[in-house]
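Undergrad:
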Amino acid sequence: MKSRVWRVGVWLLLVLLYLLSTKYEDSVVFLDVGQGDAILIQSGTEQILVDTGPNGDVIYKLQRYMPFFDRRIEYIVLTHPHQDHLGGILEILERYEVGKILYYPVCYSNNDYEYLLQNFDNLIQIGRGDTIRLKNIEVDVLWPILERSIKECVKPYNGNVNNDSLVLEFEYLNKKFLLMGDIEREVESVLVAQDLISSNYDVLKAGHHCSKTSSSETFLEYTSPSFAVCSVGIKNSFGHPSSETLKNFSRYGVKYLLTSEQGDIQVK
Ligand SMILES: [Zn+2]
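Numbering (this note's numbering), first residue to last: 5 to 272.
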């Protein structure tokens with residue numbers, strides 16, 4: 005009996021040592037959250053989560069990629085307050101310690117957004133020129149331009165909240181990433197015309213679920229990404245991705261992957 009207890013004890017110890025020594029992968033994962041966005045940028049035990057998907061199911065995805073003992077997410081970036089981007093945040097806040105929630109203060113009526121603004125004090129407004137830093141990653145904010153003196157929320161750009169999405173750029177794992185949120189053509193044109201964006205990206209999270217309102221030819225030509233990711237749900241009611249956009253990708257030599265076909269897309 006004694007030796008059995010001893011054997012079980014040794015076995016448990018080995019399992020524990022194995023779990024503690026497992027190196028969690030440094031990666032960028034475009035999580036398959038159905039029709040919505042959630043992108044996990046992970047370096048060791050540090051994370052930036054860009055958007056939280058349409059609902060609390062994002063928790064299962066986080067559990068899959070984050071170390072089991074790591075209960076802290078350093079930053080959550082809300083690109084904009086549409087439900088398909090922030091629907092999972094309240095459940096994440098219940099289950100994880102979140103360092104800071106970064107957002108652009110666009111005016112928009114959404115229950116979760118309003119609840120967040122009223123009940124949490126770890127929110128920080130960000131905009132162009134800001135940098136989000138982990139030990140090994142620096143994420144630059146390219147858009148929108150934030151008027152630092154404003155007290156109230158900011159009216160949507162051309163009345164379309166998609167165009168107030170935070171646009172993020174960073175280099176990690178020897179690749180250059182560009183995350184467009186739900187940005188549409190009007191702002192793509194501004195980014196290109198005013199030289200607010202660079203070029204030769206390796207990975208593009210294409211704007212607005214690869215709808216036809218985004219990823220214009222001018223934009224693709226200028227940014228020349230090698231790869232594009234479309235974050236889309238299977239048989240979604242919006243008809244995303246648009247065949248026109250996929251054709252544009254092919255025309256400009258951009259390979260593309262859809263979360264609806266591939267599931268999670270992990271770049272390591
Ligand atoms: Zn969206």
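Glycine included, every Cβ here is placed at the ideal spot set by N, Cα and C.
Just so we're clear, the structure is a prediction, and the values are computed from it rather than from any experiment.
Do you know how far the Cα of residue 85 is from the Cα of residue 14?
TA: Distance between the alpha carbons of residue 14 and residue 85 is about 50 Å.
Undergrad: Buried or exposed: which applies to residue 110, given that a residue is buried once 16 or more other Cβ atoms fall within 10 Å of its Cβ?
TA: It is buried - the Cβ of residue 110 has at least 16 other Cβ atoms within 10 Å.
Undergrad: Mapping the DSSP letters down to three states, classify residue 247 as helix, strand or coil.
TA: Residue 247 falls in the helix class under three-state DSSP.
Undergrad: Leaving out five residues before and five after residue 246 in sequence, what residues of the same chain have Cβ atoms less than 7 Å from its Cβ?
TA: Once the five neighbours on either side are set aside, the close Cβ partners of residue 246 are 214, 215 and 216.
Undergrad: Can you tell me which of the three DSSP states residue 207 falls into?
TA: In this structure, residue 207 counts as strand in the three-state DSSP scheme.
Undergrad: Does the Cβ of residue 86 lie closer than 6 Å to at least one heavy atom of ligand 1?
TA: Under cutoff, so the answer is yes.
Undergrad: Can you look up residue 12 in the DSSP assignment and give me helix, strand or coil?
TA: Here residue 12 sits in helix by DSSP.
Undergrad: Roughly how many angstroms separate the alpha carbons of residue 205 and residue 66, rounded to a whole number?
TA: Rounded to the nearest angstrom, the two C-alpha atoms are 26 Å apart.
Undergrad: For residue 253, count neighbouring C-beta atoms within 10 Å of its own C-beta (all shown protein chains included) and say buried if the count is 16 or more, exposed if not.
TA: Burial call: buried.
Undergrad: If contacts are defined as beta-carbon pairs under 8 Å, then residue 237 and residue 39 qualify, I think. What distance do you get, rounded to the angstrom?
TA: Contact flag correct, Cβ pair sits at about 3 Å.
Undergrad: Taking contact to mean at least 3 C-beta pairs separated by less than 8 Å, is the segment 72-85 in contact with the segment 98-116?
TA: Cβ pair count under 8 Å is three or more, so yes.
Undergrad: Can you tell me whether residue 169 is buried or exposed, with buried defined as 16 or more other CB within 10 angstroms of its CB?
TA: Residue 169 comes out buried.
Undergrad: If we require 3 or more residues per run, which beta strand (DSSP E) segments fall completely within the segment 113-190?
TA: If we require 3 residues or more, the beta strand (DSSP E) runs fully inside the segment 113-190 come out as 127-129, 135-137, 142-147, 171-176 and 179-183.
Undergrad: Is the distance from the Cβ of residue 44 to the Cβ of residue 69 below 7 Å?
TA: Yes, the Cβ-Cβ distance between residue 44 and residue 69 is below 7 Å.
Undergrad: For residue 226, list the residues DSSP reports as bridge partners.
TA: Its beta-bridge partners do not exist; DSSP assigns none.
Undergrad: Throw me the rounded Cβ distance for the residue 91 and residue 59 pair, which I believe falls under 8 Å.
TA: Between residue 59 and residue 91 the Cβ distance is about 5 Å, and since that is below 8 Å, they are a contact.
Undergrad: For residue 179, which residues of its own chain have a beta-carbon under 7 Å away from its beta-carbon, when the five flanking residues on both sides are left out?
TA: Around residue 179: 206, 207 and 271.
Undergrad: Around the Cβ of residue 154, are there at least 16 other Cβ atoms within 10 angstroms (buried) or fewer (exposed)?
TA: By the neighbour-count rule (16 or more Cβ atoms within 10 Å), residue 154 is not buried but exposed.
Undergrad: Report buried or exposed for residue 172, applying the criterion of at least 16 other Cβ atoms within 10 angstroms of its Cβ.
TA: Under this definition residue 172 is a buried residue.
Undergrad: Check the DSSP bridge columns for residue 42 and list the partner residues they point to.
TA: The partner list for residue 42 (beta bridge, DSSP) is empty, contrary to what the question assumes.
Undergrad: Does the Cβ-Cβ distance between residue 196 and residue 226 come in under 7 Å?
TA: For residue 196 and residue 226, yes; Cβs fall inside 7 Å.
Undergrad: Looking at the structure shown, is residue 272 part of a helix, part of a strand, or coil, going by DSSP?
TA: Looking at residue 272 - three-state DSSP - the assignment turns out to be coil, as it is neither helix nor strand.
Undergrad: Does DSSP classify residue 262 as helix, strand or coil?
TA: In the structure shown, residue 262 sits in a strand (DSSP, three-state: E or B).
Undergrad: Does the Cβ of residue 36 lie closer than 6 Å to at least one heavy atom of ligand 1?
TA: Flag unset: Cβ of residue 36 not near ligand 1.
Undergrad: Can you determine whether any heavy atom of ligand 1 sits closer than 6 Å to the C-beta of residue 116, and answer yes or no?
TA: No - ligand 1 has no heavy atom lying nearer than 6 Å to the Cβ of residue 116.
Undergrad: Kindly list the residues whose CB is nearer than 7 Å to the CB of residue 149, restricted to its own chain and excluding five residues on each side of it in sequence; keep chain order.
TA: Here the set comprises 131 and 132.
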